[in-house]
Structure formats: C-alpha cells, structure tokens
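Residue numbers (the numbering used here), protein chains in the order written: chain A, 1 to 291; chain B, 1 to 213.
Quick reminder that beta carbons are idealized off the backbone N, C-alpha and C, glycines included.
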Amino acid sequence: MKLHERFLQIDRRIIYAILLLVVTLPLVFRSPLKVTPMSPVEKLFEAVDNTPDDMAVIIDCSYAPQIKAEVEPMAIALLRHAFKTRKKVLVLSLYVEMIGLATKALNQVVGEFNSLALTANDSIIYGRDYVFLGWQPPPIVPMLGMGESISAIYVVDYYGNQTDTLAMMKGIKNYNNINILVALSGSSIPISWVAYAQNRYGLRVGVGCTAVSGADFYPYYQTGQFTGLMVGMKGAAEYEELIERRRGVEGRRIASEAMLSLTYAHLVIILFIIAGNIGYFISRRKQRRSQ
Amino acid sequence: MNISTDPWIWIASILSLAILSFLYKENPIFRAAEHIFLGVANGYLVTFYWHRILMPILFRPLFQQGDLLLIIPFVVGILYLTRFIPRLSWLVRIPIAIYMGYWTGVLIPATIQAQIIKQMQGTVLTSQNFQAWNAGSWGIVWSVIIFIGVLCTLSYFYFSREHKGVIGATSRVGIVFVMTGFGAAFGYTVMARISLLIGQLQFLLGDWLGIIK
C-alpha cells in the first residue's frame, strides 16, 4: 500500500491514541503557555472591574456537566475577580441540573479566600458579600421578574433564608442595582437574557460560552448586545491571565494549564486534515488517469 | 503520585473510563455506564422537580395553605395526562394551546427586537459600528466586509430568480462567506471537543491519580 493510500485508511483508534498522547504529556509536564487577552474578554473584565460599590454583579451559572471543562474555569475566574475586588455577587442557575456545579464553584472560591483571611473583614461572608439565589423555574420568570424585584422572585435563597433579610440585599432591589449579568452557558440562554432582560430593562449582559456557541455569539458582541465575551477554554485562560496580571489574583489556573495541550491537539488535527486531503486528491487523480 | 481515597472520585473515574472505552469499540461496560447515567439523571430530575417545584410551589400552597387560585394551573397541568386516555385525549389541546399562546406572545416581540432589528442595525455602515470593532481605522474595513457578506449571503438564499447575472455573482460571493462561517464553526467545535477531553483528563490525572496537581 502506498503512502497516500495509507493516509486514507488510518485506523481511528490510532488517531485517538495520538491525540491522547499529545493532550496528556503537556498536562503531566505542566508546560505553561503565555496567553494574550483579546478585546472581547478584556471588555468583560473591565465591565466587572468597574462595578460601583452600590451595585452588584449577577453570575448565571447555567452550565451542565457535559460542558464543565470549558465553562467552570470561567465561573471560578469571575468569582475570584469579584471577591478580590470586593464586588457584591449574586449567583443563580436557570436549570436544576446546574445547581450542583454552581454550588461547587462557589464553595471552592469562597474556601480559597477564607483560608487566607485573618479577620472577618478579609473573609467572604454569605449575605454580606454574596448571595446564592438558587433556581427558579421557568427561566423567563427570573429574567423578567428581577427587573421589578429580585426578592419577589427569589423569596428565599438556595439555603432557605428570606432573601430580603440578607444584609447585601438591602441595597440590591432590581436590575437598576445590577451593573452587569454574566451568563455562563452552553446554550442560547445568553440571547434570552438579551431578549427579555436587556430589551426591557437595559441590563448589561456579558457572556461566557462554549467554543461551539462562539461563532453564533460574536454577532451579538459586535452589535454591543453582549458587553464582553469569553469563548471556550481559551476565553477562560485569557480571563485568568487578566485577573492575575491586573488584580494579582492567585490560584490554580485550570484553563491556562490546558492551553499547550489544546495547541498541540489542534496542530495534530491540522496535520491529519492535510494528510487526509493529500491522500484523497492523489487517489482521485490516479483514479481519473486509470479511467 | 497521590491516588485519591474518596470513593466518589473512584466511582466517577471508573464510569469515565467505561464511557471512554467506546472509542475502542462498543462493549458491555460502556453500555452499563450509559444505562447508569440515564437512570441517575432521570431519578435526580424527578426527585428535584418533586421537592423543588411541585411540593413548594403547587401542592403545599394549594392543599395545606388553601391557595385556591392554584387549582387553575393544577387542572390545566393535569389535562396533559389525558393523552393516555383515548376517550379524553382531545383535552390535551387545552394546555398545549395555552402554552403556545403564551410563548408566542412572549417570544415574538423579544426575538424581533433582539435578533432581527438589533442585528440589522449592526450591519448598517455607521461610525458607531466602525468603532464597535475597537480596531481604529480598520473598523471601517471589518464593517464593510460584514455589509457585503450579509447582502451576498442573503442573495444566495434568494430562490425566486435563477442565479444568473448580478444575483449569480453575488450568490457566488455569498457561498464563500457561508463556507467561511462553516469553517469557523467547525474549528470552534474541534476546540470545544478537545477542551472537554482535556477537562476529563485533568480530572482523571489530577483528582483521581494525583499525577498533576
């Protein structure tokens, strides 16, 4: 069998094995890769960073386990940024199966900050610095309802506390007190936030989405409907870079650690695509000649 | 190497490997893991809906606190189940009609505003749109490319006239934009899938085997 024919008949298991190798080795040997933040991520960072003291940031953790690898690093980076700069944070999920992941991210970051805190002022305290609103179905109810009153929609928070009795919520009544909502999702939820909450109440919407959704979401960034945009694991790595460089936020950078694996995997896939196409065109030409 | 002693991490890791074994070939271990996933996911959802929606929002206020207005959504919801009784199955049209009517009213104005009017505004060549790119004088170039791309792509999907002459030329340019869009979407899809693999490997090599920290 000639080389170009081999290109067309590579066993898929060999391709999987090569990919596994090129993805695993950089993870094991921890080779960092410098990430340059792009404008959409920078704009999101600046919008969160410029939140006034009397306003809050809403983080909508509507990501399911199947996209956790891409979106969870975004949630962790956003929470670290908000807590480091002492922004008030409201966390919610629009679907039930995502509640567990939102709780996990929140507990991890709160734990990181509180393990280093020396006084109550340094600590991240529930009800004072952040509130976990939980889940209220169907999604359109909180999207529209929070424009009028957050505590009327989330009468109790995820832990069963009366929302309007929490210290932080005294000054956070509705979207007028929200600087930006960041929707972390792998579906069309960010567009729904724009359609309902932004059109009607003027809420600013930032987005962290999977790479699959990236191509669909860029037009909304171009029109200004999305204030900022993080796409896929690379977007998360850029945000990690920004919070470390500009705000000195430390902690494990899960997305940044993956960048070298991602780059090598892309190179391997490009090589396989080129090899497959060369094989195909040579075979086709030989077939035509023989006819 | 610092292998985890947490039994949940072990269960998650073994199930992950069972699912990944499909890459070699279909096998009973993969199928077992697939069935466990479906069973657990359904059980979780049913339990969560019962405890977090039906009990606190409907049954408790209606039957324990006497909020009689909730009889209306309760009865309308129950009508969905008449689908299983052939003699009464026509009643299912009532909740479907209410659902469709509500969502049509809610969705149409919001969708037109967010996905059509605003997107059209983004295509128009204005100084505001040039600045949106944050690219200095290059903003004009990107905006013009978008303008041409939208018009040519739309002409490709105009089927009321044969694609000859001006429409033929613009539709050929349009297909270039369409293919470029597909290429971008495919590239992003590859990145997404590799990212998911990396995420799972970070879990297996880190949380489970303790090779990476």
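In chain B, what lies closer than 9 Å to residue i by C-beta?
i       : result
E250(A) : Under the 9 Å cutoff, chain B gives no residues; its nearest Cβ is about 15 Å from E250(A).
R13(A)  : L23, Y24, K25
I269(A) : V190, I194
V35(A)  : Within 9 Å Cβ-Cβ: nothing; V35(A) doesn't reach chain B, min ~14 Å.
For residue i, go through chain A and note every residue whose CB falls closer than 7 Å to its CB, in chain order.
i       : result
F48(B)  : V96
Q119(B) : P219, T223
Are the C-beta atoms of residue i and some chain A residue less than 8 Å apart?
i       : result
K164(B) : no
T126(B) : no
T180(B) : no
L15(B)  : no
L221(B) : Summary: the structure shown does not reach residue 221(B), with chain B confined to residues 1 through 213, and so no result is reported for it.
Y188(B) : yes
A263(B) : No statement about residue 263(B) is possible, as the shown extent of chain B runs from 1 to 213 and does not include it.
A114(B) : yes
A97(B)  : no
L205(B) : yes
A184(B) : yes
State buried or exposed for residue i, treating a residue as buried only when at least 16 other CB atoms are found within 10 Å of its CB.
i       : result
W8(B)   : exposed
A120(A) : exposed
K234(A) : buried
L38(B)  : exposed
H81(A)  : buried
T227(A) : buried
M230(A) : buried
T126(B) : exposed
D157(A) : buried
N179(A) : buried
E72(A)  : buried
Y196(A) : buried
F83(A)  : buried
L25(A)  : exposed
R6(A)   : exposed
Q65(B)  : exposed
Which residues in chain B sit within 8 Å of residue i, going by Cβ to Cβ distance?
i       : result
L292(A) : Here chain A covers residues 1 to 291 and nothing more, so residue 292(A) does not appear.
V48(A)  : Result: empty, since nearest Cβ-Cβ is about 18 Å, beyond 8 Å.
I140(A) : V106
R30(A)  : I212
Using a Cβ-Cβ cut-off of 8 Å, state whether residue i counts as contacting chain B.
i       : result
M233(A) : yes
N199(A) : yes
I191(A) : yes
A215(A) : yes
K68(A)  : yes
P219(A) : yes
R6(A)   : no
L27(A)  : yes
A211(A) : yes
R247(A) : no
V23(A)  : yes
A64(A)  : no
In whole angstroms, what separates the C-alpha of residue i from that of residue j?
i       : j       : result
K317(A) : P139(A) : What the structure shows of chain A is the stretch from 1 to 291, and residue 317(A) is not part of that stretch, so it cannot be assessed.
T189(B) : R284(A) : 28 Å
N277(A) : T123(B) : 36 Å
Y280(A) : H4(A)   : 8 Å
I14(A)  : A77(A)  : 36 Å
H163(B) : L151(B) : 14 Å
K34(A)  : W10(B)  : 33 Å
L209(B) : M1(B)   : 7 Å
H266(A) : V249(A) : 29 Å
T223(A) : A236(A) : 22 Å
F59(B)  : K173(A) : 29 Å
F48(B)  : T104(B) : 28 Å
K68(A)  : G199(B) : 8 Å
V205(A) : K118(B) : 15 Å
Q128(B) : Y221(A) : 14 Å
Y159(A) : F132(A) : 8 Å
L262(A) : V23(A)  : 7 Å
P142(A) : D60(A)  : 11 Å
A17(A)  : F272(A) : 13 Å
Check the Cβ of residue i against every Cβ in chain A and list those closer than 8 Å, keeping chain order.
i       : result
R52(B)  : V96, W135
L45(B)  : V96, E97
T111(B) : A195
In chain B, which residues lie with their C-beta within 7 Å of the C-beta of residue i?
i       : result
Y16(A)  : L23
G224(A) : A132
S39(A)  : N134
I254(A) : Q202
So with CB distances below 9 Å, who are the chain A contacts of residue i?
i       : result
G122(B) : P219, Y220, Q222, T223, G224, Q225
Using a threshold of 7 Å, is the CB atom of residue i nearer than that to any non-hydrogen atom of the ligand FAD?
i       : result
W103(B) : As presented, the structure is devoid of all ligands, the ligand FAD included, so that no description of it is given.
Ranges of the alpha helix (DSSP H) found wholly within the region 35 to 97 of chain A, counting only runs of at least 4: 39 to 49, 68 to 84
Length-filtered (4 minimum) alpha helix (DSSP H) runs lying within the region 53 to 109 of chain B: 71 to 79
Length-filtered (3 minimum) beta strand (DSSP E) runs lying within the region 182 to 253 of chain A: 205 to 209, 226 to 231
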